[in-house]
Structures are given as structure tokens and as C-alpha cells.
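Undergrad: In mature numbering (1 follows the signal peptide of the UniProt record, and there is no 0), the protein residues as written are -25 to -1, 1 to 269.
I have a structure I would like to understand better, so I am pasting it below and will then ask my questions one at a time.
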């Protein structure tokens, strides 16, 4: 009988313990005035663990690099982060005509986490300057984004200026768009919004501009625990013959090359979780129960 009573008490304690873990405050380092990756930061703030992350940010500017150590509210973006541990990047793949090469450049690299003090200042130097080195096969880039010799225009879907959003990916109402022969560049954008539900927003139009550099801007998250990469936003400037087809986003997702070698410092090691801590509690309770029965 004492053993059954003890097990009941244990179950109640375990539930209460896990609930307290979920509802506890999150303590993050917070220093917004870092001048380089050797930044020291002793200030810590408490935020709601259910609605915030701790983050480290590296932003590569034209002539400088900026660093931030701070917290980030979940609602800071229009995309619900499905796991609190991730590397977020904003990168550009662009064609440099002067050297006839495609170049990959990381603009922003961000590490997000959700345990006390996980955005330690010493980890700033571990944020890779080249992000995840996102890239695509050269043959695919040349075929889809560059205009072929002798080709004067590109067939481009031209839609209303505001985003067209729906719950269906790779689809817009053909009645609201027209195919236009574009002399300059086609703009082809996809944004995946995921707050109350997932919706896919597209902008497709022909743009008259002297800037005709083909490029792809990508924003995405690598979820550390799930080991998956999700593209959130894709913005394309292209001059290929049929580069404004919506299937191009699926092709990018399937062909995208990534490099995870430089983020090993952020991969999981011995993070404490409710489950692992609960196992310790279980062991202690079993030992205590054994002595009570004796």
C-alpha cells in the first residue's frame, strides 16, 4: 500500500515539475552595442520562455560587421518557429558578370535557443561569416536566371502589385495575371507565412530597371534538433526564358546546396530538458521508495 501511495505522489510531483519547467522565465544575455565578435556581455534579462528566444546575431554589411546579443520575441517575424533551437540565415546567390561567376554571400546569421544563458557571448565568434553557404548548381543558375545570347526578352508572369496569398503552394489565379514579354528583369517572390496557419504569398511582375544582375535571395531556418532546413522566403531577379514559373521555387528547394560544417558549436550536446531531468527525479524517487518499503 505505501508503494502505491508513493507512486501517486510521484506522478503528481512529476507533472508539477514539468509544468513549472514550461512556465518558467527565460534568462538571456542582452548587449546591443557589440563592436566585434570578442564582445563581452554580463547583462542578463528575464523574458517569457513561452514567447521568446535568446539569440546571437551577426550581420555582414558592405564595409563592416555588426553583432548583437539579445532576446527575440516569437512574434518578431511572420513565421512561427517550429522548434526553439535553430540557425537562421539570409543569403544571396548572385551573378558577377565581370568575373563570370556565381557568388554566394551571407547577409545575416542568427542563432536562437531557449535555455538560460544559451546565447553566451563567447559563441559570437562561432557564427560562420559565410552562413550555410547556400548555393545551386551552376548549370541550373545559368539556364534559369541568365538570358541566353540573342534573346531580347523573357516571358514573365505579370500580376497585380500586391502579394497574392492562398493556402495552396505554387498556385495563383491565372485570371489576375498576364504573360508579358519583359525586356529587363522578372521579379519572382515567394513568402511562406505561418502563424495561425500556413499560407503562401507570391509577387510576380516585370520590372524596368537598369540593375539587371540575376540573383536569388533566400531566408531560411536550419532546425538543430530536427536536422531540417526550411525556406521561408525566396526573392528572384531573373532573365531566363520562363523563370517566373511557380515551380521554380520547388526546384530551388530540391536542388539547394547547404554546408553545415561550420555550425558544429551550436549542435546539441548536453542541454537539460524536462525529460532528462525527470529521469533523474524518477531514479531518486525509486531509491526513496525502496528505503521506505524496507
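Ideal placement from N, C-alpha and C gives every residue a C-beta, glycine not left out.
1. Look up residue 130 in the DSSP assignment and say whether it is helix, strand or coil.
2. Leaving out the 5 sequence neighbours to the left and right, which residues in its chain are closer than 7 Å to residue 206 when beta-carbon positions are compared?
3. Enumerate, from N- to C-terminal direction, the unbroken alpha helix (DSSP H) stretches of 4 or more residues contained entirely within the segment 173 to 255.
4. So what's residue 119 in DSSP terms, helix, strand or just coil?
5. How big is the Cα-Cα spacing for residue 248 and residue 89?
6. With a 10 Å radius around its C-beta and 16 neighbouring C-beta atoms as the bar for buried, classify residue 64 as buried or exposed.
7. Is it the case that the Cβ atoms of residue 96 and residue 218 are separated by a distance below 7 Å?
8. Around the C-beta of residue 92, are 16 or more other C-beta atoms found within 10 angstroms, so that it is buried, or is it exposed?
9. Would you identify the three-state DSSP class for residue 98, choosing helix, strand or coil?
10. Buried or exposed for residue 186, going by 16 or more other Cβ atoms inside 10 Å?
11. Is residue 51 helix, strand or coil by DSSP?
12. State the Cα-Cα distance for the pair residue 27 and residue 1, rounded to the nearest angstrom.
13. What residues match up with residue 84 in a beta bridge as DSSP calls it?
14. On the DSSP letters alone, give me the boundaries of the beta strand (DSSP E) that residue 139 sits inside.
15. May I have the straight-line CA-CA distance separating residue 34 from residue 82, to the nearest angstrom?
16. Quick check: what's the CA-CA separation for residue 78 versus residue 51?
17. Can you tell which of 160, 56 and 18 has the C-alpha that lies nearest to the C-alpha of residue 167?
18. Do residue 222 and residue 145 have their C-beta atoms within less than 7 Å of each other?
19. Hey, could you find the ends of the beta strand (DSSP E) residue 17 is sitting in?
20. Quick one: is residue 132 buried, meaning 16 or more other Cβ sit within 10 Å of its Cβ, or exposed?
21. Compute the beta-carbon to beta-carbon distance between residue 179 and residue 163, rounded to the nearest angstrom, for a pair I have assumed lies under 8 Å.
22. Is it the case that the Cβ atoms of residue 5 and residue 45 are separated by a distance below 7 Å?
23. May I have the straight-line CA-CA distance separating residue 111 from residue 19, to the nearest angstrom?
24. CB-CB under 6 Å to residue 210, same chain, minus the five flanking residues each way: which ones, in chain order?
25. Which of helix, strand or coil does DSSP assign to residue 154?
26. Pull up the CB-CB distance for residue 188 and residue 73, whole angstroms please, since I reckon it's below 8 Å.
27. Ordered along the chain, which non-local residues of its own chain (more than five positions away) have a Cβ less than 6 Å from that of residue 140?
TA: Per the coordinate set shown:
1. strand
2. 193, 195 and 228
3. 222 to 230
4. helix
5. Low confidence applies to residue 248: its pLDDT is 43, below 50, so where it sits in the model is not reliable, and the reading given next is rough at best. Straight-line Cα distance between these residues: approximately 11 Å.
6. buried
7. no
8. exposed
9. helix
10. exposed
11. helix
12. 8 Å
13. 33 and 64
14. 139 to 141
15. 6 Å
16. 30 Å
17. 56
18. yes
19. No beta strand (DSSP E) holds residue 17; DSSP gives it neither H nor E.
20. buried
21. 6 Å
22. yes
23. 40 Å
24. 164 and 192
25. strand
26. Their Cβ separation, rounded to whole angstroms, is 11 Å, which puts residue 188 and residue 73 out of contact at 8 Å.
27. 174 and 176
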